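The structure appears below as structure tokens.
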Amino acid sequence: MPTVTTPDGAEIFYKDWGEGRPVVLAHGWPLHSDSWQVQQLFLAANGFRAIAHDRRGHGRSTQTWHGNDMDTYADDLAHLLDALDLRDVVLVGFSTGGGEVVRYLGRHGTDRVRGLVLVSAVPPFMLRTDDNPGGVPIEVFDEIRRGSLADRSQTYRDLADGPFFGGNRPGQEPSQGIRDAFWLQGLQSGHRNALECIAAFSATDFRPDLDAISAAGVATLVIHGDDDQVVPIDVGGRASAERIAGAALTVYPGAPHGITDTHARRLSTDLLSFCLEVPS
Amino acid sequence: MSTPDTVVLVHGLWMTPRSWEHWVTHYEAKGMRVLAPAYPGFEVEVEALREDPQVIADLTVPATVDHLAAVISALDAPPVIMGHSFGGTLTQLLLARGLGAAGVVIDSAPTEGVRVTPVSQARSLFPALKNPATRHRAVAFTPEEFHYAFTNTLSAEDSRAAWERYAIAAPGYWIWEYGLFANFKPGHQDTWVDYSADRAPLLFIGGEKDHIMPPAVNRSNAKHYAKSPALTEYHEFAGRDHWTCAAPGWEAVADTALDWALEHAKPLQRTAVEG
């Protein structure tokens with residue numbers, strides 16, 4: 001299996017498909033890179049080198065004890081980009097992966113990157129605090145933590161059946177297949193890794209990273225469903241698009257969080273469009 | 001007579017038989033009989049197809065191949081079949097049916113199984129791919145899109161003139177099905193050919209600067225015939241774009257195509273005319 005090894009010994013699994021300018025896809029919690037497989041295949045089949053990795057503690061990467069935080073995730077991503085010597089990269093982050101790529105840009109700069117796409121992403125800052133009053137109450141995340149500790153498998157099933165793909169909304173009928181894939185991928189993550197990742201995606205403040213991206217002038221596209229019950233659009237996509245100068249916002253009407261599956265083809269073509277049009 | 005005396009020219013997508021007008025004159029001056037059949041329903045002029053593109057949207061590949069096969073079968077001897085772009089795909093399908101004495105495909109669109117997609121091709125096809133609704137519509141290029149996809153070695157002004165004289169919409173369904181997604185579907189699709197079968201000799205002509213059907217696509221398509229006992233060759237023109245059959249210097253392409261075809265054509269066996 002192709003991996004890069006980080007300085008603390010974690011092996012980061014990645015898939016490297018196609019030829020052309022690179023697109024790197026960062027996945028969401030508690031999934032792994034297979035959650036990008038539709039978009040990765042589409043991009044690779046259309047002239048791009050599409051790379052997707054499993055975050056540490058997720059999928060086929062090492063279940064480390066330490067390092068389940070955004071800074072380490074971003075450093076791991078930096079190791080991957082350095083090891084493959086990728087340049088002119090379009091970084092695409094879904095949900096937690098959106099935090100990972102944004103923190104990468106904040107910590108490691110924009111030299112290797114020519115574009116950024118945030119999909120249902122957690123930046124700028126999910127948690128409700130005194131200076132983030134529009135955020136999500138901590139009780140919501142504590143409930144996910146409590147569920148994970150009590151019965152992780154059932155918690156993932158409930159997420160997949162309900163808010164993640166919008167199955168709890170009238171007219172939304174995510175297939176059994178995509179819900180099963182969520183559950184299967186979720187259980188491949190490490191217990192501690194997935195548990196600590198909840199804090200990483202919910203309690204990391206990405207606002208300084210977004211300001212750095214904005215100052216650097218990275219071409220940015222933000223895609224978000226306006227019925228996202230995991231990262232509400234006003235907390236996530238709309239706020240990021242407002243904070244990054246010149247960012248474009250594409251809203252999928254009525255769409256849930258998991259648009260990599262529920263709106264797979266539309267998302268694929270929107271990503272391809274961005275990759276084709278963003279200047280190198 | 002041992003060599004074919006007839007050339008059948010098969011036009012590509014976004015085009016009509018009008019796109020062959022220079023070649024018809026050129027080949028007729030060499031003493032050939034030249035037919036440039038339209039896709040079924042495309043017999044009207046460019047302007048009429050722009051007016052009512054529904055006939056384009058409704059077209060299917062099998063109906064088109066059947067139509068062209070009927071035209072060719074009605075001839076008294078197998079002709080040289082030449083196709084440009086998707087006309088190249090159609091030419092390969094016609095040769096696979098045993099038709100033609102020789103084939104030449106220029107900047108050919110791929111047959112099923114050719115999986116090379118350079119980014120310039122994706123960029124060229126993207127106006128059709130970006131909106132899933134185009135799957136059931138006729139899809140036209142804007143002048144700017146046409147300039148990138150077809151006429152990238154021309155000035156914007158010359159490209160615009162070509163667009164105005166020749167360009168029509170294309171069936172979105174074809175671009176979706178035979179562009180990207182055919183390779184992801186199981187079983188044989190409408191553009192499948194048996195790459196190991198015998199057929200008439202076939203020349204692929206690629207153009208170095210072709211954005212929409214780059215040389216890599218044509219080279220890959222040609223290599224797929226490695227197991228066929230039939231002759232397959234590849235020739236590449238430096239500096240030429242997809243508009244190679246009409247862009248300045250097109251005569252060299254036309255002459256290369258015809259010379260190769262007549263040199264390598266299968267000996268004619270005229271169909272007996274029954275009394």
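Top line first, the protein sequences correspond to chains A and B. Reading the first sequence from the start, the letters are residues 1 to 280 in the UniProt record's numbering. Reading the second sequence from the start, the letters are residues 1 to 275 in the UniProt record's numbering. Ideal Cβ placement from N, Cα and C applies to all residues, glycine included. Everything numeric in this text was worked out from a predicted model, so none of it was measured.
In this structure, VAL4 (chain A) places its C-beta atom within 7 Å of the C-beta atom of ILE12 (chain A).
The beta-carbon of PHE126 (chain B) is placed less than 7 Å from the nearest beta-carbon of chain A. Between the stretch 210-227 of chain B and the stretch 241-250 of chain B there are three or more inter-stretch CB-CB distances shorter than 8 Å, so the stretches are counted as touching.
Positions of the alpha helix (DSSP H) runs, each at least 4 residues long and wholly inside the stretch 183-227 of chain A, are given as 191-203 and 207-216 in order along the chain. Per the C-alpha coordinates, the member of B:PRO4, B:GLY12 and B:SER19 positioned closest to ALA161 (chain B) is B:SER19.
The beta carbon of ARG87 (chain A) sits closer than 7 Å to those of ARG112, all from its chain and outside the five residues before and after it, given in chain order. Counting the other Cβ atoms within 10 Å of the Cβ of PRO133 (chain A) gives fewer than 16, which makes it exposed.
In the displayed model, GLU242 (chain A) falls within a helix according to three-state DSSP. For TYR225 (chain B), no alpha helix (DSSP H) segment is defined, and its DSSP state is neither H nor E. Residue state for ARG87 (chain A) is assigned as coil, using DSSP reduced to three classes.
Between PHE201 (chain A) and GLY99 (chain A), the C-beta gap is smaller than 7 Å, which places the two residues in contact.
ALA78 (chain A) sits close to HIS108 (chain A), with the two beta carbons spaced by under 7 Å. Here THR153 (chain B) has LYS209, GLY239, ARG240, ASP241, TRP243 and ALA247 as same chain residues with Cβ atoms under 8 Å from its own Cβ, once five neighbours each way along the sequence are excluded. Of the residues assessed, GLU112 (chain B) falls on the buried side of the cut-off, its CB having 16 or more other CB atoms within 10 angstroms. Put simply, the backbone Cα of VAL218 (chain A) is about 10 Å away from that of VAL278 (chain A). For the alpha helix (DSSP H) assignment, the uninterrupted runs of no fewer than 4 residues enclosed by the stretch 118-167 of chain A are, from N- to C-terminal side, 138-161. With distances taken between CA atoms, TYR14 (chain A) lies nearest to A:ASP54 out of A:ALA248, A:ALA44, A:ASP54 and A:ALA50.
Rounded to the nearest whole angstrom, the C-alpha separation of THR96 (chain A) and HIS27 (chain A) is 7 Å.
Closer than 7 Å to the CB of ASN132 (chain A) there is not a single CB belonging to chain B.
Pairing VAL38 (chain A) with SER120 (chain A) gives a Cβ-Cβ distance that is not under 7 Å. By the Cβ neighbour-count rule, GLN121 (chain B) is buried, with 16 or more other Cβ atoms within 10 Å of its own.
By the criterion of at least three beta-carbon pairs nearer than 8 Å, the stretch 42-57 of chain B is not in contact with the stretch 266-275 of chain A. Contact note: PHE48 (chain A) reaches chain B through VAL119 and ALA122, using a C-beta cutoff of 9 Å and chain order.
For THR256 (chain B), the secondary structure class from DSSP, reduced to helix, strand or coil, is helix. Taking PRO40 (chain B) as the centre and dropping the five residues before and after it, the same chain places the C-beta of LEU59, ALA63, THR64 and HIS67 closer than 8 Å to its C-beta, in chain order.
Residue-level contact check: LYS209 (chain B) does not touch chain A, since none of the beta carbons of chain A fall below 7 Å from its beta carbon. Less than 7 Å divides the Cβ of PRO79 (chain B) from the Cβ of PRO4 (chain B).
Burial is judged here by how many other beta carbons sit within 10 angstroms of a residue's own beta carbon; ARG115 (chain B) has fewer than 16 and is exposed. Rounded to whole angstroms, the Cβ separation of VAL139 (chain B) and GLY83 (chain B) is 20 Å, and the two are not in contact under 8 Å. Distance between ASN218 (chain B) and ASP259 (chain B), taken at the CA atoms: about 20 Å. Listed along chain A is no residue with a C-beta nearer than 9 Å to that of PRO53 (chain B); the closest approach is about 22 Å. Interface flag for LYS227 (chain B) against chain A is unset, since no Cβ pair is found closer than 7 Å. Under the 7 Å criterion on CB atoms, LYS130 (chain B) is classed as interfacial with respect to chain A. Listed as beta-bridge partners of LEU35 (chain B) by DSSP are B:VAL8. At a C-beta separation below 8 Å, LEU276 (chain A) has these neighbours in chain B: VAL119, ALA122, ARG123 and PHE126.
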